[in-house]
Amino acid sequence: MSLLEVKDLKTYFYTDAGVGKAVDGVTFSLDKGKVLGIVGESGCGKSVTSLSIMRLVDPTTGRYEGGSILFEGQDILKLPEKEMRKLRGNRISMIFQEPMTSLNPVFTIGYQIEESLILHKGMDKKQARERAVELLELVGIPEAKKRVEEYPHQLSGGMRQRVMIAMALAGDPELLIADEPTTALDVTIQAQILELLKSLQKKLDMSIIIITHDLGVIAEMADEVAVMYAGDIVEKAATRELFDDPKHPYTIGLMNSIPDVEEDVERLRTLEGLVPSLYDMPAGCRFAPRCRFACAECEKQRIRLTELAGGRQVRCRRYEQ
Amino acid sequence: MSEVLVDVKNLKKYFPTSEKDKVVKAVDDVSFRIFKGETLGVVGESGCGKSTTGRLTLKLLEPTAGSVSFKGQDLSGLKRKDMRALRREMQIIFQDPYASLDPRKTVFQILAEPYRIHHPEMSREQIYEKVTGLIDCVGLRPEHIYRYPHEFSGGQRQRVGIARAIALNPEFVVCDEPVSALDVSIQAQVINLMQDIKKEFNLTYMFISHDLRIIKHFCDRVMVMYLGNIVEIGSKEAIYEKRRHPYTQALLSAIPNIKSKDKGERILLTGDIPSPVNPPSGCPFHPRCSQCMEICKKEKPVLRTMEDGTQVACHLELS
Ligand SMILES: Nc1ncnc2c1ncn2[C@@H]1O[C@H](COP(=O)(O)OP(=O)(O)O)[C@@H](O)[C@H]1O
Ligand SMILES: Nc1ncnc2c1ncn2[C@@H]1O[C@H](COP(=O)(O)OP(=O)(O)O)[C@@H](O)[C@H]1O
Ligand code: SF4
Ligand SMILES: [Mg+2]
Ligand SMILES: [Mg+2]
Chain V
21 MSLLEVKDLK TYFYTDAGVG KAVDGVTFSL DKGKVLGIVG ESGCGKSVTS LSIMRLVDPT
81 TGRYEGGSIL FEGQDILKLP EKEMRKLRGN RISMIFQEPM TSLNPVFTIG YQIEESLILH
141 KGMDKKQARE RAVELLELVG IPEAKKRVEE YPHQLSGGMR QRVMIAMALA GDPELLIADE
201 PTTALDVTIQ AQILELLKSL QKKLDMSIII ITHDLGVIAE MADEVAVMYA GDIVEKAATR
261 ELFDDPKHPY TIGLMNSIPD VEEDVERLRT LEGLVPSLYD MPAGCRFAPR CRFACAECEK
321 QRIRLTELAG GRQVRCRRYE Q
Chain A
61 MSEVLVDVKN LKKYFPTSEK DKVVKAVDDV SFRIFKGETL GVVGESGCGK STTGRLTLKL
121 LEPTAGSVSF KGQDLSGLKR KDMRALRREM QIIFQDPYAS LDPRKTVFQI LAEPYRIHHP
181 EMSREQIYEK VTGLIDCVGL RPEHIYRYPH EFSGGQRQRV GIARAIALNP EFVVCDEPVS
241 ALDVSIQAQV INLMQDIKKE FNLTYMFISH DLRIIKHFCD RVMVMYLGNI VEIGSKEAIY
301 EKRRHPYTQA LLSAIPNIKS KDKGERILLT GDIPSPVNPP SGCPFHPRCS QCMEICKKEK
361 PVLRTMEDGT QVACHLELS
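First to last, the sequence lines map onto chains V and A. If you're matching positions, the first sequence starts at 21 in our numbering and goes up one per residue. If you're matching positions, the second sequence starts at 61 in our numbering and goes up one per residue.
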């Protein structure tokens with residue numbers, strides 16, 4: 021059985037501008053000990069997907085309009101909030117792009133990790149302190165014994181992200197969701213954090229969902245990739261297969277937009293046009309207005325996710341039987 | 061190579077800090093040249109002094125020491141009036157077009173301004189013609205000129221920023237992370253536009269970015285900075301293929317690999333970038349360098365010129 025099974029998830033926002041179908045029928049699953057990457061440009065629904073799994077979507081405008089999220093067979097969307105609180109930060113943890121927004125500036129980092137250990141693991145203060153130091157060591161923070169007493173602003177961006185990871189690990193999660201964990205970091209620090217996540221994943225046998233707009237991060241980390249566009253998954257494949265042989269015109273366009281360090285080209289091939297507005301989605305394929313293969317057929321109705329040989333999937337008329 | 065357009069000598073910029081006798085050594089003695097018609101890429105991690113160097117080069121900031129010459133003319137001695145005339149020839153494009161475009165002005169007003177200031181003799185009709193020409197040149201539509209910046213997407217706003225920069229037919233443009241805030245598919249559109257404009261207007265670019273893939277694609281020569289210093293400067297081929305400086309090696313090996321299967325050995329740097337308030341002794345890179353020797357801790361290496369013209373600041377035996 022998969023650890024996580026997201027089926028036909030629909031998360032909509034009800035705003036003055038209309039109904040925003042930010043996530044509109046997303047389906048994927050994740051096995052134990054595997055890393056799934058979700059990639060796509062800003063606004064395509066990556067964060068809303070991950071917040072839905074944590075059930076943290078803004079309740080004032082957001083609604084889970086359909087589908088299910090099975091975590092070890094149990095539908096998260098149906099859990100009472102009290103049960104959900106036991107899962108969140110414990111068996112399912114999340115780290116965000118900007119650690120400063122999730123760290124409390126007025127408490128020491130030790131205190132913040134210990135709080136979670138006392139709450140979720142029922143440890144006493146002394147045990148929690150010992151475990152906090154262990155966790156900081158685990159994520160590669162030098163002089164952890166001294167660092168537990170420091171405040172978030174005393175740390176560099178890279179160190180803060182390590183602290184966030186340590187906090188996320190406090191509950192021994194089976195699933196770690198990392199939403200753009202390295203986007204705010206410099207390349208050499210990004211390389212350190214990705215290396216850390218990889219080694220932790222192996223050591224602790226966790227499953228990870230890594231969300232990013234950077235195909236490079238996907239290539240480094242993920243076993244499998246889901247490419248999102250305008251609230252849909254448009255393509256899903258094993259990472260190597262996706263890079264070697266992208267099928268969806270959007271995936272192909274995205275890859276062509278990135279200059280290759282090994283191969284020079286005179287001119288980048290571009291995807292023309294813009295992503296559609298959340299409140300004005302095309303009726304048919306949402307990529308059709310930018311797609312060079314688009315025809316009348318594409319614009320008629322929503323396109324199904326088609327299963328191809330080898331278990332990969334693509335949402336494109338050209339592959340529908 | 062051809063004519064020297066910009067000549068920077070021993071440039072320093074120290075910013076004061078809240079502590080009285082401490083300064084931020086944002087740029088700490090850099091010398092380099094930019095040749096007419098080329099694109100010089102400037103790379104390095106955040107805080108290494110790229111933007112400060114760019115601004116000093118345009119004299120948007122006063123240096124603590126050192127000089128900048130533009131077409132043989134030393135900018136430090138220039139009177140206000142002469143500097144203003146030179147401004148036309150030296151422009152800048154910023155990372156965040158939103159912050160650099162006045163939200164209360166329409167695109168027409170934004171683009172008309174340079175003409176109003178520098179060409180008071182132009183009539184409204186002449187200005188209108190110029191502005192519509194610019195709009196067309198950067199791939200926006202005529203009806204866009206009466207819109208406000210917030211009505212545009214990030215990529216379109218950057219097009220407006222580019223249009224403003226080229227309005228007065230400059231020779232030299234500093235591009236400070238012009239595509240860093242954009243999504244990749246939009247980045248590619250803007251990069252192509254900047255390439256076309258460079259050809260059309262015979263521009264010389266100083267192109268600042270932390271994105272090593274884009275630098276490789278876009279630039280002729282590359283300057284690698286670390287903690288306010290130039291650690292290596294040379295042709296794109298020399299920088300990316302020879303990778304002489306240990307920092308250049310680490311930086312390039314940190315780029316996640318997309319297309320090739322073999323991942324190669326990654327050089328993982330340990331530790332963080334030190335503070336420019338309290339830079340390390342000797343070589344600024346020595347605390348993170350895997351090849352650090354005794355001399356590196358004591359003596360700051362100066363730029364040495366290699367056989368192929370690349371300059372490297374490192375005590376290792378290099379050729
Ligand atoms: N709380 C909210 N209210 C209204 N719209 C939202 C809210 N959160 C996200 N959205 C919209 O949902 C879409 C998907 O957003 P998100 O998942 O954050 O994108 P990304 O892929 O960049 O993480 C965007 O158009 C965004 O504006
Ligand atoms: N106006 C300023 N006052 C004080 N410090 C500054 C100022 N501008 C930049 N700095 C500092 O100078 C260093 C170099 O900054 P910058 O040139 O912006 O780097 P980069 O563009 O490479 O990220 C940084 O440590 C930065 O904090
Ligand atoms: S001078 Fe020494 S410390 Fe600096 S980069 Fe070269 S080998 Fe490393
Ligand atoms: Mg997001
Ligand atoms: Mg900068």
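Virtual Cβ for every residue (Gly too), placed ideally from N, Cα, C.
Next on the checklist: Please list, in chain order, the chain V residues whose beta carbon lies closer than 7 Å to that of R273 (chain A).
Outcome noted: I278, P279 and V281
Checklist entry - Taking just the CA atoms, how far does E231 (chain A) sit from I58 (chain V)? => result 43 Å
Checklist entry - So does K73 (chain A) have its beta carbon nearer than 8 Å to some heavy atom of ligand 5? => result A distance criterion of 8 Å places the beta-carbon of K73 (chain A) beyond contact range of ligand 5, judged by its closest non-hydrogen atom.
Item to check | Rounded C-alpha distance that separates C185 (chain V) from V159 (chain V) | outcome: According to the sequence provided, residue 185 (chain V) is Ile. The question's Cys does not apply to it. Approximately 7 Å, taken between the alpha carbons.
Item to check | I285 (chain V) versus P279 (chain V) - alpha carbon distance | outcome: Before going on, a small fix: residue 285 (chain V) reads as Val here, not Ile. So the alpha carbons of these two residues sit roughly 8 Å apart.
Next on the checklist: Please confirm whether H179 (chain A) has its beta-carbon closer than 9 Å to some beta-carbon of chain D.
Outcome noted: Of the chains in the structure shown, none is chain D; the protein chains are V and A.
Checklist entry - D67 (chain A) by DSSP, collapsed to three states: which one? => result strand
Checklist entry - Does the region 107-127 of chain A touch the region 294-302 of chain A, meaning 3 or more C-beta pairs lie closer than 8 Å? => result no
Next on the checklist: Under 8 Å: does the beta carbon of I323 (chain V) sit that close to some heavy atom of ligand 4?
Outcome noted: I323 (chain V) Cβ: outside cutoff for every heavy atom of ligand 4.
Next on the checklist: Just to confirm before moving on: does the CB-CB distance between M266 (chain A) and G137 (chain A) stay below 9 Å?
Outcome noted: no
Checklist entry - If you draw a straight line from the C-alpha of E319 (chain V) to the C-alpha of F307 (chain V), how long is it? => result 9 Å
Next on the checklist: Check whether the region 246-259 of chain V and the region 64-82 of chain V are in contact - that is, three or more C-beta pairs closer than 8 Å.
Outcome noted: yes
Checklist entry - Taking 8 Å as the line, does the beta carbon of K110 (chain A) fall inside it for any heavy atom of ligand 2? => result In this structure, the C-beta of K110 (chain A) approaches ligand 2 to less than 8 Å from one of its heavy atoms.
Checklist entry - Is the beta carbon of M114 (chain V) less than 9 Å from the beta carbon of D199 (chain V)? => result yes
Checklist entry - Which chain V residues are close to R219 (chain A), counting only those with a beta carbon under 8 Å from its beta carbon? => result The premise fails here: R219 (chain A) is roughly 12 Å from chain V at the closest Cβ pair, so nothing lies under 8 Å.
Item to check | Cross-chain neighbours of D206 (chain V) in chain A, by beta carbon under 8 Å | outcome: Here the neighbours are E105, S106, H270 and I333.
Item to check | Separation of Q155 (chain A) from R180 (chain V), as counted between CA atoms | outcome: 25 Å
Checklist entry - Is it true that the CB of R75 (chain V) sits closer than 9 Å to the CB of R108 (chain V)? => result Yes. Within cutoff.
Checklist entry - R326 (chain A) versus chain V: which residues are under 8 Å apart at the beta carbon? => result A211 and E215
Checklist entry - Can you list every residue whose CB sits closer than 7 Å to some heavy atom of ligand 4, going in chain order? => result V:S62, V:K66, V:S67, V:D199, V:E200 and V:I231
Next on the checklist: Using a Cβ distance threshold of 8 Å, determine whether the region 221-229 of chain A contacts the region 254-269 of chain A, with at least three qualifying pairs required.
Outcome noted: The region 221-229 of chain A and the region 254-269 of chain A touch, with no fewer than 3 CB-CB distances between them shorter than 8 Å.
Next on the checklist: Three Cβ pairs or more, each shorter than 8 Å: is that satisfied between the region 322-339 of chain A and the region 201-215 of chain V?
Outcome noted: yes
Next on the checklist: Taking the alpha helix (DSSP H) that C356 (chain A) belongs to, which residues open and close that run?
Outcome noted: E354 to K358
Checklist entry - Is any beta-carbon of chain V found at less than 9 Å from that of Y300 (chain A)? => result yes
Checklist entry - For L288 (chain V), which residues in chain A fall below 8 Å Cβ to Cβ? => result A248, I251, N252 and H277
Item to check | Pairwise C-alpha distance: V128 (chain A) and Y270 (chain V) | outcome: 46 Å
Next on the checklist: Strictly below 9 Å CB to CB, what residues from chain A border V237 (chain V)?
Outcome noted: P316
Next on the checklist: According to DSSP, is F345 (chain A) part of a helix, a strand, or is it coil?
Outcome noted: coil
Checklist entry - From K141 (chain V) to E134 (chain V), what does the alpha carbon distance come to, in whole angstroms? => result Here the alpha carbons of E134 (chain V) and K141 (chain V) stand approximately 10 Å from one another.
Checklist entry - Could one say the Cβ of D192 (chain V) lies closer than 9 Å to chain A's Cβ atoms, at least one of them? => result no
Item to check | Residue from A:Q351, A:K358 and A:V191 with nearest C-alpha to E377 (chain A) | outcome: A:Q351
Next on the checklist: With a threshold of 9 Å between beta carbons, is H173 (chain V) in contact with chain A?
Outcome noted: no
Checklist entry - Where do the ends of the alpha helix (DSSP H) carrying F261 (chain A) lie? => result V244 to F261
Checklist entry - At a CB-CB cut-off below 7 Å, which residues of chain V make contact with D236 (chain A)? => result Going along chain V, no residue has its Cβ under 7 Å from D236 (chain A), so there is no contact; the nearest lies around 16 Å.
Checklist entry - Excluding sequence positions up to five away, which residues of its chain have a Cβ less than 6 Å from the Cβ of S122 (chain V)? => result F116
Checklist entry - Can you tell me where the beta strand (DSSP E) with L196 (chain V) in it begins and where it stops? => result For L196 (chain V), the uninterrupted beta strand (DSSP E) run begins and ends at L195 to D199, by DSSP.
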